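**Student:** Residue numbers (the numbering used here): 459 to 813.
Structure incoming, see below.
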Amino acid sequence: MASIEFRKITKRFGDVEVIPDMDLDIADGEFVALLGPSGCGKSTSLLLLAGIYLPSTGDLLFDGHVVNDVEAKDRNVGIVFQSYALYPHMTVRDNIMFPLRFKKTPREEAIRRVNEAAALVQVGDLLDRRPGQLSGGQQQRVALARALVKQPQLLLLDEPLSNLDATLRLSMRTEIKSLQDELGVTTILVTHDQIEATTMADRIICMRAGRIEQAGTPDDLYARPSSLFVASFIGSPPINLVEGKAVNGTVDVSGIGFPATGATGAVTIGLRPEHLVVADTGLPGRIAQIEPMGREVLYVVSTDIGHIRILEQGSTAGRGAGEAVHVGFDEAHSLVFDTTTERLIPDSHVKPPAP
Ligand SMILES: Nc1ncnc2c1ncn2[C@@H]1O[C@H](COP(=O)(O)OP(=O)(O)OP(=O)(O)O)[C@@H](O)[C@H]1O
Ligand SMILES: [Mg+2]
């Protein structure tokens, strides 16, 4: 297995700088997710690791050694693409065996390793079929077996679950996670699905326009997002954000005063829907919309500072549309951002407005 280091990596395509300056350390055996919107440079980062792209400047290190000049086939990296990219005219067996051809693995050992990899992802009984005769989930597993057969020191997964239906995604998530645990292989998963990232990875690297916006545990990004971008990207339903102005210990939002600590100037208050409650005191409003969501109920409350989303536990709504209510929350869960820099102001909090 390998530890990975991006050291001042830039990547340009002609005039376009896709990765401006990337520094990143990934520990041996770590499971990391690259999360970010379309076009932020996730796949480019993987292709740099795989050796398919070369950095424009900077160094890429595996286990402390610069690998810039090591060819893709010599990097011992397993990669699974979104499209699986299986060879349609080959059997499952030959598809899985394919990477071993370049390594001149003796026939008997190759067969043994194909059988092992196939068993690992439970496609051992499908070896004589062709990809066209498999379901999406089965093709996905064959692609995974093909990536694992050469016992890679690094496993790269680029949106591997995006073609699967919801149920299959859920079970493949668990399977990939436990497989990674078992093999201990350093793994980088690219996804724009925040649930996938938070459930599978030890650490999430949130990217924006080729830069790392925040790297941390799923809980770090959820509870202490370093910027408005991360705060809005992580969490579902999305965080409530309201802009105000902090003067003398109060954040004024459209004439409503929120008692505040540690804030000055133009700030944005962030309140996650699941940290809000429909209460008897707090910010007054009226229930505009009720959406039952299975085990939770989403209330949209119309207030003087705009529509506020509240997510409450419980399968049935205890309130009716049009009802006058208050929005309450615990100060400790409130987030305050500097509106100009978009950065979190650490240790700054607000309380609900006094009656
Ligand atoms: N070969 C290329 N030539 C020029 N521009 C490229 C090339 N490959 C990627 N780009 C650009 O680099 C940026 C990052 O692309 P990349 O494929 O890494 O994004 P991504 O984060 O994987 O997005 P998605 O979630 O849509 O897959 C995009 O703006 C893309 O248009
Ligand atoms: Mg991509």
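For every residue, glycine included, the Cβ atom is placed at its ideal position computed from N, Cα and C.
Predicted model, so just to flag it, every value in this text is computed and none were measured.
1. Kindly examine ligand 1 and report whether one of its heavy atoms sits closer than 6 Å to the Cβ of Phe471.
2. Looking only at C-alpha atoms, which of Pro589, Gly595, Glu567 sits nearest to Ser580?
3. Which whole-angstrom value is the C-beta distance of Gly668 and Ile510, which I expect to be below 8 Å?
4. Is the region 735-751 in contact with the region 773-786, if contact means three or more CB pairs nearer than 8 Å?
5. Quick check on the burial criterion: 16 or more other C-beta atoms within 10 angstroms. Buried or exposed for Gly545?
6. Would you kindly work out how many angstroms separate the C-alpha atoms of Lys809 and Ile467, rounded to a whole number?
7. Rounded C-beta distance between Thr774 and Thr726? I'm assuming under 8 Å.
8. From this set, Ser514, Leu628, Lys608, which residue's C-alpha is nearest Pro564's C-alpha?
9. Please determine, among Ile692, Pro695, Gly713, Ser694, the residue with the shortest C-alpha to C-alpha distance to Glu701.
10. Specify the secondary structure class of Leu558 as computed by DSSP and reduced to three states.
11. Output the boundary residues of the alpha helix (DSSP H) element that contains Phe691.
12. Taking 6 Å as the cut-off, is the beta-carbon of Ile500 closer than that to any non-hydrogen atom of ligand 1?
13. Under a Cβ-count criterion, where at least 16 other Cβ atoms within 10 Å of its own Cβ denotes burial, should Thr739 be classed as buried or exposed?
14. Less than 7 Å between the C-beta atoms of Pro811 and Phe687, yes or no?
15. By how many angstroms is the C-alpha of Asp639 removed from the C-alpha of Leu584?
16. Quick one: is Glu654 buried, meaning 16 or more other Cβ sit within 10 Å of its Cβ, or exposed?
17. Can you grab the Cα-Cα spacing for the pair Ser527 / Thr657, in whole Å?
18. On the CB-based measure, 16 or more other CB atoms within 10 Å of its CB, does Ser806 come out buried or exposed?
**Tutor:** Quick look at the numbers:
1. True, at least one ligand heavy atom lies under 6 Å from that Cβ.
2. Checking the displayed sequence, the identity of residue 580 turns out to be Gln instead of Ser. Comparing alpha-carbon positions, the option among Pro589, Gly595, Glu567 lying closest to Gln580 turns out to be Gly595.
3. No, Gly668 and Ile510 are not in contact; Cβ-Cβ is about 17 Å, not under 8 Å.
4. Put simply, the region 735-751 touches the region 773-786. At least three CB pairs are less than 8 Å apart.
5. The sequence given here has Tyr at residue 545, not Gly. When all chains shown are included, Tyr545 counts as exposed.
6. Between Lys809 and Ile467, the C-alpha separation is close to 43 Å.
7. Between Thr774 and Thr726 a beta carbon distance of about 33 Å is seen, past the 8 Å cut, so the two are scored as non-contacting.
8. The alpha carbon of Pro564 has as its nearest neighbour, out of Ser514, Leu628, Lys608, the alpha carbon of Lys608.
9. Here the closest residue by C-alpha is Gly713.
10. Three-state result, Leu558: helix.
11. Run containing Phe691: 686-691, per the alpha helix (DSSP H) assignment.
12. The residue asked about is misnamed: residue 500 is Lys in this sequence, not Ile. Lys500 Cβ: within cutoff of ligand 1.
13. Its Cβ having fewer than 16 others within 10 Å, Thr739 is exposed.
14. The Cβ-Cβ distance between Pro811 and Phe687 does not fall below 7 Å.
15. In a straight line, the C-alpha of Leu584 is about 25 Å away from that of Asp639.
16. With 16 or more other Cβ atoms from the protein chains shown falling within 10 Å of its own Cβ, Glu654 counts as buried.
17. For clarity, residue 527 is Asp in the given sequence; the question names Ser instead. Rounded to the nearest angstrom, the two C-alpha atoms are 35 Å apart.
18. The residue is buried, with at least 16 neighbouring Cβ atoms inside 10 Å.
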